[in-house]
Structures are given as structure tokens and as C-alpha cells.
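In our numbering, the protein residues as written are 5 to 84. A virtual CB, placed ideally from N, CA and C, is assigned to each residue, including glycine. Here's the structure, in C-alpha cells; my notes come after.
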Amino acid sequence: MKVISAPIHENQDWKHWLAETFNIYNTYQCTCLAVSFWAIWHNRNNFFHEGIWQRTCALYYRTKHTRRSIGKQAQYKGSP
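Put into C-alpha cells, the structure is as follows:
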């Protein structure tokens, strides 16, 4: 997957950057980005609250598995 990021402008806050990024991505890319953000946030919270730090490769495989799981759920629900 090719990573494309929205351009960053002076005085632009992260909310506007994120909105622009989601506007230029397709559904699959948005899912990958959202799952990646969630995994990083979850890993940080595990370290902060429980002292457990996940290695980078484990984090990668967790996000990959989560994306596949989301894709399978979408197939079962069918497309509108």
C-alpha cells in the first residue's frame, strides 16, 4: 500500500490535517490508518498503565490481523 499524506500547511492543527488525509484516502486506506492509530494508542496505554510494551513486529501483526478481521466482518454484512 502506498502511503499518501495530506499536505501540511502553516498554522494547521492536527484535526484539519487528519480530516484532509481521510478525504484523500479510499475506504481501505482509512481503515488501515485508523487501525494503526488505535494500535499505537493501545500499546502506549498498556505500557503506561500495566508496564507492558509490545515489540514493533508484534504491533504490526496485531494491526494486520485487526484489518483482516474488519474486512471479514464487512463481507458478512454485505455492501449497501
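Fill in: Through-space distance from I74 to G55, alpha-carbon basis
28 Å
Worksheet item: Excluding the five sequence neighbours on either side, which residues of its own chain have a C-beta within less than 6 Å of the C-beta of N27, listed in chain order?
Response: none
Worksheet item: Candidates K76, F52, N47, H53: which alpha carbon is nearest A62's?
Response: N47
Discussion item. Check this for me: beta carbons of N49 and Q58, under 9 Å apart or not?
Written reply: no
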